[in-house]
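See below for the structure under consideration.
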Amino acid sequence: MFATAELLWALIGLILTIGGTWLEVFITTGPWNWADGIEVFSLGVSFQVGAVLLTGCLGGQNAAALSQVAYLSLGLLLFQVFDLQVFTQGGGVSYLREPSFGYLLGFIPAAWVCGYLAFWETLKLETLALSCLSGLMTIHAVGLVYLPLAYVLQWTGENAPSLVESVFTYSIAPLPGQLILVCAVSVLAYGMRQIMFY
1 MFATAELLWA LIGLILTIGG TWLEVFITTG PWNWADGIEV FSLGVSFQVG
51 AVLLTGCLGG QNAAALSQVA YLSLGLLLFQ VFDLQVFTQG GGVSYLREPS
101 FGYLLGFIPA AWVCGYLAFW ETLKLETLAL SCLSGLMTIH AVGLVYLPLA
151 YVLQWTGENA PSLVESVFTY SIAPLPGQLI LVCAVSVLAY GMRQIMFY
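Numbering (my numbering), first residue to last: 1 to 198.
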């Protein structure tokens with residue numbers, strides 16, 4: 001059975017993941033350049049992956065994995081029944097045929113891995129960074145296994161980009177922005193766990 005705290009973190013993780021789906025990550029120029037004005041640059045990724053990793057770092061493995069099971073379940077069922085869009089390109093059972101679904105599926109083991117490693121030893125920034133990086137690599141590993149499977153089984157349809165283009169679109173192109181997000185989540189989780197005394 002889940003403890004009340006784990007259920008609360010799972011709910012927080014679910015809300016953060018849904019909200020993070022729709023929020024794009026931006027960075028600014030360095031403070032030393034602010035005299036000329038603050039410029040904002042998009043990293044080309046959303047906060048979705050950051051929410052998965054943050055939940056693992058703060059809530060632990062069980063709460064984080066449960067939040068992602070709930071996220072995928074809502075995305076697949078709510079769109080089907082109520083036409084409510086949880087994923088970026090819709091939802092419903094037909095979303096299983098999207099090349100990007102493997103990356104969403106990777107949220108569950110990634111959340112567990114990140115949560116497990118984040119509480120593996122006493123609180124250190126390096127441990128949190130390693131746990132977030134491991135979670136990110138888990139997302140990409142599951143996605144990269146799912147992509148060829150989707151193409152071999154012809155789930156993607158005739159108008160889908162090639163497998164190489166999909167690998168670039170879903171794994172290579174967002175990786176630099178996601179690595180910056182890993183750094184930010186690690187620092188944020190470290191500060192929050194210091195404040196919450198655990």
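Quick reminder that beta carbons are idealized off the backbone N, C-alpha and C, glycines included.
Counted within 10 angstroms of its Cβ, other Cβ atoms place residue i as buried (16 or more) or exposed
i	result
MET196	exposed
GLN178	buried
GLN61	buried
THR21	buried
ALA3	exposed
GLN154	exposed
ALA150	buried
MET1	Its pLDDT being 43, under 50, MET1 is placed unreliably in this model, and the coordinates cannot settle the point.
PHE101	buried
VAL113	buried
GLY30	exposed
Residue nearest to residue i in terms of C-alpha spacing, selected from the options
i	options	result
TYR198	VAL52, ILE18, ALA118, GLY106	ALA118
ALA184	LEU128, GLY59, GLU165	LEU128
Alpha-carbon spacing of residue i relative to residue j, whole angstroms
i	j	result
VAL167	LEU72	22 Å
ILE18	VAL45	14 Å
LEU43	GLY50	13 Å
PRO148	LEU78	27 Å
PHE47	GLU158	31 Å
ALA111	ASN33	37 Å
LEU123	ALA10	21 Å
SER162	TYR170	12 Å
MET192	GLY59	11 Å
Nearest-angstrom Cβ-Cβ length linking residue i and residue j, presumed shorter than 8 Å
i	j	result
LEU181	VAL25	6 Å
Check whether the segment 139-148 and the segment 179-189 are in contact - that is, three or more C-beta pairs closer than 8 Å. The segment 139-148 vs the segment 179-189: no contact.
Is there contact between the segment 32-43 and the segment 83-94, where contact requires at least three CB pairs shorter than 8 Å? no
Between the segment 49-68 and the segment 123-138, do three or more beta carbon pairs fall short of 8 Å? yes
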